[in-house]
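2 protein chains.
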Amino acid sequence: MIILHGVSASPYVRKVITVLAMKQLPFEQKQQMPFARDAEFNKISPLGKIPALQDGDITLCDSTVICEYLEDTHPEINVYPTNHADKAKARWIEELAGSRVTELATGIFFQRFMRPMVFKQDPDEALVEKIIDKDLPPILDHLETLVPATDFLFGELQLADISLVSPFINASYANYTVDTQHWPQLSAFIDRVKTHPIMEPILEAEAKIMGFA
Amino acid sequence: MIILHGVSASPYVRKVITVLAMKQLPFEQKQQMPFARDAEFNKISPLGKIPALQDGDITLCDSTVICEYLEDTHPEINVYPTNHADKAKARWIEELAGSRVTELATGIFFQRFMRPMVFKQDPDEALVEKIIDKDLPPILDHLETLVPATDFLFGELQLADISLVSPFINASYANYTVDTQHWPQLSAFIDRVKTHPIMEPILEAEAKIMGFA
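Protein chains in written order, with the working numbering: chain A, 11 to 223; chain B, 11 to 223.
Here it is, written out as C-alpha cells:
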C-alpha cells in the first residue's frame, strides 16, 4: 500500500492525491504538516517538505518527482502527454505552476487564511494588494494565452491542468478568484478543472477537512 | 542545430552544457544573462530565467525540463538511470541540488564574486558567515551520507552527479570549498566529478570566459 505524507490543503499534496485518483491507486494518507521538527519524517523528506511518498521500500519526496515516478511505474493511465514535445511543455507548465504561480497564490492564502485562522495574526494587506495588483497580472496575462478555450491543455485532464489550477484553489480559500472580465479564458479553465469528475470529490473531501463543509 | 540560451557560469546552464556534451549533441550557445528585459527572450522564457533551449520549432525552459527532454529524445547515451526507483532518486537529488544547495552555494557566489566583480559593492559578510556556519552544515551532513566513496551516484557519471556538484563550482569561484576534514566523502566526490573527462574541458572553457585562465 502506498503511503502519502502531507496535508490535503497543500497545493503540491493535492497534485499527488489527484494523480493517485486518476491512476486508480489505493493509498493511505498521513496528515503531515510541512517543516515539522520530526526526525522520523526528515528521514523521508530531508528538507521537511510535503508531499513525501512511500511505496514499499522506496521513499520519495517532491511532488514532481513523485508524479514522474507514478507515471513511470503505472503507465496504464497517463497523466503526462506521451509525445516528447508535449511532455516537455507539460513539465514546464508544472514547473511554472509550482514556482511563481504557487509563490504568489499561496502568498495570498498565507496572509488571508493561515495568519488569521492558524496564527491569530492580522494579514499583511499591503503585501496582498501588491501580489494582486502588481505581481499576478503579468503571470495571469501569460496564462490567459496558454490555456485552451475548451477542454484541457492536452485534450483530456492531465497533471499539467491540475498543477496549474492547484495554487488557485488555495487562493480561493482566501476569497481570491481570478477576475473573469480581465482573464475570461483562464477563469473558465480554472472552473472546468475544479468541476471535473476527478477533481470535484477531492475538493469536497478537502473542504470538509478545512472545515468549510 | 540546438540553440542554448544562457551564460556558462550559471549552475543550471552548466547542467545542460554537460548533458549536451555527454550526449554528443552539437549546439550553438547564446550568452544570455538572466532576468534581462528582453521581449524576444521572454517569449522563450516567460520568467526570464536561464537556461532556455530551442530545438527547431520547440522552445523549452528550466534546466530539468530541458534535460528530461534531451533524455527522451536522445536516449542512446543515458544521463538518468533507467530503472524507475533509481530514476526517481536521481530526480530528487537534482531537485535538492537545484533548490536548497544552489540557493546556499550561489548565495556565497553572489556576495563574494558577483557583488565586488560585477556590481562594485562590498559583500555582506555576515550573510556569508551565516550560510557557511549555520545553513550549509546540515545539508553537507546529509550529502556526506548520500554520495558514494568511489565512482559516482549511479556508477558512471550522470546528471545527478553534475547537478549536485554544479552549485559548488560557483561557490569555488568565491573561494569557498567544502571542508575536507568535516565532509571528506563529499569533498572527494566533488573533486572526482570536476576532474571527470567530460567535465574538465567544460570547466576549463568556463574559466576562460570568467577570466580565470
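All residues carry an ideal CB built from backbone N, CA and C; glycine is no exception.
CA-to-CA distance, residue j to residue i, given in whole angstroms
| i | j | result |
| --- | --- | --- |
| A/Ser176 | A/Leu213 | 10 Å |
| B/Asp201 | B/Met209 | 11 Å |
| A/Val75 | A/Val26 | 10 Å |
| B/Asn93 | A/Thr187 | 42 Å |
| A/Gly221 | A/Thr83 | 35 Å |
| A/Glu86 | B/His15 | 36 Å |
| B/Pro211 | B/Val89 | 18 Å |
| B/Ile68 | B/Met11 | 12 Å |
| B/Gly58 | B/Leu114 | 21 Å |
| B/Gln39 | B/Tyr79 | 18 Å |
| A/Leu153 | A/Leu196 | 7 Å |
| B/Ile219 | A/Pro194 | 47 Å |
| B/Gln131 | B/Lys140 | 19 Å |
| A/Phe119 | A/Phe178 | 9 Å |
| A/Thr190 | A/Ala159 | 13 Å |
Residue range of the beta strand (DSSP E) that includes residue i
| i | result |
| --- | --- |
| A/Phe119 | Where A/Phe119 is concerned, there is no enclosing beta strand (DSSP E), although the alpha helix (DSSP H) it sits in stretches over 112–119. |
| A/Leu70 | 68–71 |
| A/Val40 | The sequence given here places Lys at residue 40 of chain A; Val does not occur at that position. Residues 37–40. |
| B/Ile13 | 12–15 |
Proximity winner among the options, relative to residue i (alpha-carbon distances)
| i | options | result |
| --- | --- | --- |
| B/Asp171 | B/Asp132, B/Val157, B/Leu14, B/Ala98 | B/Val157 |
| B/Asp72 | B/Ala181, B/Glu86, B/Pro56 | B/Pro56 |
| A/Pro133 | A/Ile103, A/Ile179, A/Ile141, A/Gln121 | A/Gln121 |
| A/Ala10 | A/Gly117, A/Phe51, A/Arg110, A/Glu50 | This structure leaves residue 10 of chain A out entirely; chain A is present only between 11 and 223. |
| B/Met32 | B/Glu81, B/Met11, B/Pro44 | B/Glu81 |
| B/Ile13 | B/Phe37, B/Pro211, B/Ala100 | B/Phe37 |
| B/Lys53 | A/Arg24, A/Thr155, A/Val17, A/Val29 | A/Thr155 |
| B/Ala62 | A/Trp102, A/Ser20, A/Ser173, A/Leu169 | A/Trp102 |
| B/Ala19 | B/Lys130, B/Ser197, B/Met11, B/Met43 | B/Met43 |
| B/Val23 | B/Ile60, B/Gln34, B/Met11, B/Leu30 | B/Ile60 |
| B/Glu216 | B/Asp189, B/Asn180, B/Gln195 | B/Asn180 |
| B/Thr28 | B/Ser197, B/Pro207, B/Ile219 | B/Pro207 |
| A/Ser173 | A/Val203, A/Phe129, A/Phe123 | A/Val203 |
| A/Glu166 | A/Pro91, A/Leu30, A/Gln34 | A/Pro91 |
| A/Phe164 | A/Glu135, A/Asp151, A/Phe199, A/Gln64 | A/Phe199 |
| A/Phe162 | A/Ala136, A/Gln191, A/Thr205 | A/Thr205 |
| A/Leu106 | A/Ser182, A/Val17, A/Ile149, A/Phe129 | A/Ile149 |
Endpoints, the alpha helix (DSSP H) within which residue i is located
| i | result |
| --- | --- |
| A/His152 | 146–156 |
| B/Leu169 | 169–183 |
| B/Thr190 | Premise fails: B/Thr190 is in no alpha helix (DSSP H) and is neither H nor E. |
| B/Asp65 | From DSSP, B/Asp65 is part of no alpha helix (DSSP H) but of the beta strand (DSSP E) over 62–65. |
| A/Ile103 | 94–106 |
| A/Tyr22 | 21–32 |
Assumed close pair residue i, residue j - CB separation to whole angstroms, cut-off 8 Å
| i | j | result |
| --- | --- | --- |
| A/Ala100 | A/Leu35 | Not quite, the Cβ-Cβ distance comes to about 20 Å (not below 8 Å), so this is no contact. |
Determine, using beta-carbon pairs with one atom in the stretch 48–65 of chain B and one in the stretch 88–102 of chain B, whether at least three such pairs fall under 8 Å.
Judged by Cβ distances under 8 Å, the stretch 48–65 of chain B makes no contact with the stretch 88–102 of chain B, as fewer than three pairs qualify.
Touch check for the stretch 136–151 of chain B and the stretch 98–116 of chain B: three-plus C-beta pairs under 8 Å?
Result yes; three or more Cβ-Cβ pairs closer than 8 Å.
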